[in-house]
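Here the sequence shown is numbered in full-length UniProt numbering, starting from 1 and rising by one per residue. Cβ coordinates follow ideal geometry from the N, Cα and C atoms, glycine included. Note that the structure is predicted; figures quoted are calculated from it, not measured. Below: one structure, written as structure tokens.
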Amino acid sequence: MRRLSSPNLAFVALLGFAPTAGLASCAENAAPPSEVTPDIVEAPDSGAVLPSSVDCPPDAFCPIELPEGAPLTLNGIWGSGPNDVWIVGSPSTSIHWDGSHFARVAVDKRRSLLGVWGSDNGDVWSFGTSQTLWHTRGVEDGSAEWTSSSGKTGINPQGYPTPILAMWGASTTDVWAVGASLRASNGVTPLPSVLHCDGWRDGEPNWTASPTSDDDSPVVEPITFNAICGAERSGVWIVGEGGKTRYTERWQAEATRWTHVNSNSSRTLYAAWCSPAGEVWAAGEGGTIHRFVRGDGGDAYSESASATPTTVSLRALWGTSANDIWAVGDEATVLHWDGTTWTLASPELSSSTKADLFAVWGSGEGDVWIAGRDVLLKMGSTGASRKIP
Numbered sequence: 001m002r003r004l005s006s007p008n009l010a011f012v013a014l015l016g017f018a019p020t021a022g023l024a025s026c027a028e029n030a031a032p033p034s035e036v037t038p039d040i041v042e043a044p045d046s047g048a049v050l051p052s053s054v055d056c057p058p059d060a061f062c063p064i065e066l067p068e069g070a071p072l073t074l075n076g077i078w079g080s081g082p083n084d085v086w087i088v089g090s091p092s093t094s095i096h097w098d099g100s101h102f103a104r105v106a107v108d109k110r111r112s113l114l115g116v117w118g119s120d121n122g123d124v125w126s127f128g129t130s131q132t133l134w135h136t137r138g139v140e141d142g143s144a145e146w147t148s149s150s151g152k153t154g155i156n157p158q159g160y161p162t163p164i165l166a167m168w169g170a171s172t173t174d175v176w177a178v179g180a181s182l183r184a185s186n187g188v189t190p191l192p193s194v195l196h197c198d199g200w201r202d203g204e205p206n207w208t209a210s211p212t213s214d215d216d217s218p219v220v221e222p223i224t225f226n227a228i229c230g231a232e233r234s235g236v237w238i239v240g241e242g243g244k245t246r247y248t249e250r251w252q253a254e255a256t257r258w259t260h261v262n263s264n265s266s267r268t269l270y271a272a273w274c275s276p277a278g279e280v281w282a283a284g285e286g287g288t289i290h291r292f293v294r295g296d297g298g299d300a301y302s303e304s305a306s307a308t309p310t311t312v313s314l315r316a317l318w319g320t321s322a323n324d325i326w327a328v329g330d331e332a333t334v335l336h337w338d339g340t341t342w343t344l345a346s347p348e349l350s351s352s353t354k355a356d357l358f359a360v361w362g363s364g365e366g367d368v369w370i371a372g373r374d375v376l377l378k379m380g381s382t383g384a385s386r387k388i389p
């Protein structure tokens, strides 16, 4: 099989592969674009799709066979490690991987999940635009259960939470959530799009709005933020519509202040990833990728555009270091950064068969997952189950 020159990875099967037809503490993805109908695509130079029963080479992305029935849109992936991975989506999809097998975990059948995040294996959140959050303590004695939460504590008098699009946190009591900004209409108080949770109160997560304007007395900005990331050296970053970018060093209750960063773009940003080394990456419309680096001596961040070999919207970012970053997006686009160049890592596919991709996550360099519309890919899966029941 032909190896892709950079990175040295191969897709041994199609993108778009699918069969035919409680709570004690607080703990990335934009809404899917317009409908696309994926189809079967031959692997590069292979002449045929590699069945899911065949072992997957350790440096290749191979398909996981999805459950039979209605099409699935997989929107989010998160794990505490290689043997504890959650995958969520719509309709009402929640799947857990224990390192060798997949299991479906029941969730409200009326809901669609846009993402999943956790602070550890016993504190996992899922979220969406349905004004409800779900929380699980993870897998205990071979089973798991999601508990819904309206999350209304500390948000507004109406008790309706912001539709959540992404979450990130530094610990179980330092959790951030970002989402849609709902403008005032018919006398309804507009909702903030940036929230922080420092614990639970009366059985509900204690969310507090975090105004992001740069005034002396900050106010809620009418901005939808699509993604959030954080690291000790970079602080907490949020990105969203119109290229809007903000960061704060840490949560300080009412003293929290957000610094506005110029992304030098008006294109909407859907993804963010914070490197442990302090660099911050953001991606979005038109194949846009921005790199933010702090000046010598801890000065203000500066932005530089990063050239990419695509013009499609990028929906998710994840990496292990500043020299190993993945970006995925529309039309089965998979990019890899090696510290110097962004390289198209996906095979050439006809436009009629390109599945949109919404999530990427991994536990390390050799364990990377990608998910999207009717597709779930895992790098290397020798000896493991490759079918979701």
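Would you list the one or two residues that DSSP bridges to TYR301?
-> ARG294
Grab the span of the beta strand (DSSP E) containing VAL312 for me, first residue to last.
-> Unbroken run through VAL312: none, as it is neither H nor E.
Taking 8 Å as the threshold, find out whether the region 250-258 comes into contact with the region 271-284 through three or more Cβ pairs.
-> no
Simplified DSSP assignment, three categories, for GLY366 | coil
To which residues does DSSP link THR136 through a beta bridge?
-> VAL124
Can you tell me which of the three DSSP states ILE95 falls into?
-> strand
Below 8 Å on the Cβ atoms is my guess for VAL360 versus TRP326; work out the distance and round it to an integer in Å.
-> 5 Å
Cα-Cα, which of VAL312, GLY128, VAL85, ASP123 is closest to ILE370?
-> VAL85
Which residue comes first and which comes last in the beta strand (DSSP E) that contains ILE388?
-> That residue, ILE388, is in no beta strand (DSSP E); it is neither H nor E in DSSP.
From this set, THR308, GLY99, THR132, which residue's C-alpha is nearest VAL116's C-alpha?
-> THR132
Can you round the beta-carbon distance between GLY230 and CYS274 to whole angstroms, since I take them to be within the 8 Å contact cut?
-> 6 Å
Range covered by the beta strand (DSSP E) that runs through PRO58 = Segment: none, PRO58 is in no beta strand (DSSP E) and carries neither H nor E.
Buried versus exposed call for SER25 [16 or more other C-beta atoms within 10 Å across all chains shown] | Residue confidence for SER25 is low, a pLDDT of 45 falling below 50, so the modelled location carries little weight and cannot support an answer.
Would you identify the three-state DSSP class for GLY243, choosing helix, strand or coil?
-> helix
If you run the structure through DSSP and keep just helix, strand and coil, what is residue 390?
-> What the structure shows of the chain is the stretch from 1 to 389, and residue 390 is not part of that stretch, so it cannot be assessed.
Rounded to a whole number of angstroms, what is the C-alpha to C-alpha distance between ASP374 and GLU68?
-> 11 Å
From THR343 to MET167, what distance separates their C-alpha atoms?
-> 28 Å
Residue environment, SER171, which counts as buried when at least 16 other CB atoms sit within 10 Å | exposed
Contacts around GLU145, its chain only, beta-carbon distance under 7 Å, and the 5 residues preceding and following it disregarded | THR136
Residue span of the beta strand (DSSP E) that contains THR333, given as start and end | 333-337
In the DSSP assignment, what are the bridge partners of GLU65?
-> LYS387
Is any heavy atom in the ligand COA found nearer than 7 Å to the beta carbon of ASP216?
-> Summarising the ligand content, the structure contains no ligands, and the ligand COA is consequently not present.
Beta-carbon proximity of SER112 to SER90, cut-off 8 Å | yes
Please classify GLY142: does DSSP put it in a helix, a strand, or coil?
-> coil
Nonlocal neighbours in the same chain, by C-beta distance under 6 Å from residue 390, ignoring five residues either side | A query on residue 390 cannot be resolved here, the shown segment of the chain reaching from 1 to 389 and no further.
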